[in-house]
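Residue numbers (this note's numbering): 47 to 180.
In this text, a Cβ means the ideal position worked out from N, Cα and C, and glycines have one as well.
Structure first, commentary second.
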Amino acid sequence: VRPEVRYGTGSRVDFLLTAPDRPPAYVEVKNVHLRREGAWAEFPDCVTARGAKHLRELAAVVAAGNRAVMLYVIQRDDCDAFRLAADLDPAYARAFAAAREAGVEAIAHATRITRTGIRLDRAVPVSGPQPGGR
Numbered sequence: 047v048r049p050e051v052r053y054g055t056g057s058r059v060d061f062l063l064t065a066p067d068r069p070p071a072y073v074e075v076k077n078v079h080l081r082r083e084g085a086w087a088e089f090p091d092c093v094t095a096r097g098a099k100h101l102r103e104l105a106a107v108v109a110a111g112n113r114a115v116m117l118y119v120i121q122r123d124d125c126d127a128f129r130l131a132a133d134l135d136p137a138y139a140r141a142f143a144a145a146r147e148a149g150v151e152a153i154a155h156a157t158r159i160t161r162t163g164i165r166l167d168r169a170v171p172v173s174g175p176q177p178g179g180r
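This is the structure in structure tokens:
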């Protein structure tokens, strides 16, 4: 595991995972704080041109034969699912759909928050475009 590795056009990926006999995996992490309706965690909470750029660069990583993962970390404990806030940033939503179509994986994890710390908890469903248009 290597943190903050330069790639793409002036970007740094949060983590680059390498292992023998496997393609490199580029992992970009986004912190999720927004909850507006029900138990849905949403991203982004404002326009993020940089976030859309990361999605485009991850799609290029997949096109080059590597693995790319967008990990959404929900930093609150009252959400059971994840979706895009497409109304807040339509360009990010379009970049997400294109990245998913290109093969970028999208996963979301809830966190367990206590007085002594915060830790990754369970995986939660990601609502939105799936690879192959599913």
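Based on the DSSP secondary-structure assignment, which residues constitute the bridge partners of residue i?
| i | result |
| --- | --- |
| residue 113 | 71 |
| residue 104 | Bridge partners of residue 104: none, in fact. |
| residue 138 | Answer by DSSP bridge pairing: none, since residue 138 is not bridged. |
| residue 58 | 52 |
| residue 169 | 155 |
| residue 131 | According to DSSP, which records beta bridges pairwise, residue 131 is partnered with nothing at all. |
| residue 119 | 77 and 155 |
Within a Cβ cutoff of 8 Å, which residues of the same chain sit near residue i, ignoring the five residues on either side of it in sequence?
| i | result |
| --- | --- |
| residue 157 | 119, 120, 121, 122, 123, 164, 165, 166 and 167 |
| residue 176 | Note that residue 176 scores 48 on pLDDT, short of 50, meaning its location in the model is unreliable; the coordinates nonetheless yield the value given after this. Result list for residue 176: 146, in chain order. |
| residue 69 | 111, 112 and 113 |
Counting only the same chain and skipping the five closest in sequence on each side, list residues whose C-beta sits under 6 Å from that of residue i.
| i | result |
| --- | --- |
| residue 53 | 59 |
| residue 132 | 139 |
| residue 78 | 87, 89, 118 and 120 |
| residue 93 | 135 |
| residue 50 | 58 |
Can you tell me which of the three DSSP states residue i falls into?
| i | result |
| --- | --- |
| residue 84 | coil |
| residue 148 | helix |
| residue 79 | coil |
| residue 163 | strand |
| residue 65 | coil |
| residue 47 | coil |
Can you list, in chain order, the residues of its chain whose CB lies under 7 Å from that of residue i, leaving out five sequence neighbours each side?
| i | result |
| --- | --- |
| residue 75 | 60, 117 and 119 |
| residue 104 | 72, 74, 114, 116, 145 and 150 |
When you compare each of the options to residue i by their alpha carbons, which one comes out closest?
| i | options | result |
| --- | --- | --- |
| residue 64 | 48, 173 and 160 | 48 |
| residue 159 | 125, 93, 96 and 68 | 125 |
| residue 154 | 56, 143, 172 and 141 | 172 |
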